[in-house]
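Visitor: Residue numbers (my numbering): 108 to 423. One structure, as structure tokens, below. Some questions next.
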């Protein structure tokens, strides 16, 4: 009890200032957070079955949220396309098998190859990638916050969409990859009125008028280095044993959720201690030489926020 009073309440033993909000106390808490981060990462690498970014993200939900954003911006929905979904699955498996995180593979393979391999002969094409997100809405929101990814989501040039979500390991760390591919087939006419959603595909949201057509070349987060050529239909690339089919549970806890939860608890405790400290000091009318508690806490909270942001999901 004496230790708790010393740490959490202003008392004569701590110079009438809770020890945990002394500069030395804040430094120790920060060290604890950093060590905790390293431990979580180490456990995730050593035991990917225990800690890892394996999320229950439904491709149909990604499509629904995408069309929701399009409707909010006065655009027609994009329709689920089986060929584009096969292309997205092949791209996700390719990244897992070759252990890379980029639009263009280390062997030079560009995104447009997967469109052709799946038999999708396109006029316009685009690709968005995301990883380490715990839910589909945060991934779609991250794409919307990026100008280049938002351009793909809200482009009136696209009629079709395919999405793949795959669990696997990149650089020894368990992760969840989302591949979102957009396209319009060669010869298709872009609609001037909202089009109906394919009822045989995952559900999408309400429709709205698209913007005017564009005659530009295929757009994507990464532009092709040369004019894409038509590729004959090839067999779909199948994921290897390193990839896990969607819906198969393989990990129990997300390290990002663990870190975010622990950081939230620590910040909450510090905030409560700071408020209690200020109330007690005010009521007791205790004059302190230094009253920089709030500045110290604000600095510490900023560091925690940076740590949390650094561990959030990534998009390219």
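All C-beta atoms in this analysis are idealised placements derived from N, C-alpha and C, irrespective of residue type, glycine included.
For the beta strand (DSSP E) holding residue 230, just list the boundary residues, first then last.
Guide: Run containing residue 230: 229 to 238, per the beta strand (DSSP E) assignment.
Visitor: Sorted by chain position, which residues of the same chain lie with C-beta nearer than 8 Å to residue 253's C-beta, five sequence neighbours on each side aside?
Guide: Same-chain partners within the cutoff: 422.
Visitor: Across the region 178 to 193 and the region 260 to 280, are there enough close Cβ pairs to call them in contact, namely three or more that are closer than 8 Å?
Guide: As far as the Cβ criterion goes, the region 178 to 193 touches the region 260 to 280, which means the pair count is three or higher.
Visitor: Mapping DSSP to helix, strand and coil, what is residue 112?
Guide: Note: residue 112 maps to helix in three-state DSSP.
Visitor: Just to confirm before moving on: does the CB-CB distance between residue 249 and residue 240 stay below 9 Å?
Guide: Yes; because the gap between Cβ atoms is below 9 Å, this pair is in contact.
Visitor: Who does residue 289 pair with in a DSSP beta bridge?
Guide: Beta-bridge pairing links residue 289 to 233, 268.
Visitor: Could you name the residues that DSSP lists as bridge partners for residue 187?
Guide: Beta-bridge pairing links residue 187 to 268.
Visitor: Using the three-state DSSP reduction, which class does residue 216 fall into: helix, strand or coil?
Guide: Looking at residue 216 - three-state DSSP - the assignment turns out to be coil, as it is neither helix nor strand.
Visitor: By the three-class DSSP mapping on this structure, what secondary structure does residue 392 have?
Guide: Note: residue 392 maps to coil in three-state DSSP.
Visitor: Please name the residue, chosen from 124, 110, 255, that lies closest to residue 381 on a Cα-to-Cα basis.
Guide: Per the Cα distances, 124.
Visitor: Is the CB-CB distance between residue 227 and residue 294 below 9 Å?
Guide: Cβ atoms of residue 227 and residue 294: not closer than 9 Å.
Visitor: Could you name the residues that DSSP lists as bridge partners for residue 284?
Guide: Its beta-bridge partners are 238, 273.
Visitor: Suppose contacts are defined by Cβ-Cβ distances below 9 Å. Is residue 197 in contact with residue 205 by that definition?
Guide: It is not a contact, given that the beta carbons lie outside the stated cut-off.
Visitor: Could you check if residue 285 is buried or exposed, using at least 16 other CB atoms within 10 Å of its CB as the buried criterion?
Guide: It is buried - the Cβ of residue 285 has at least 16 other Cβ atoms within 10 Å.
Visitor: Helix, strand or coil, according to DSSP, for residue 422 in the structure here?
Guide: Of the three classes helix, strand and coil, the one that applies to residue 422 here is strand, per DSSP.
Visitor: For residue 215 and residue 230, I'd like the C-alpha separation in whole angstroms.
Guide: One C-alpha to the other measures close to 22 Å.
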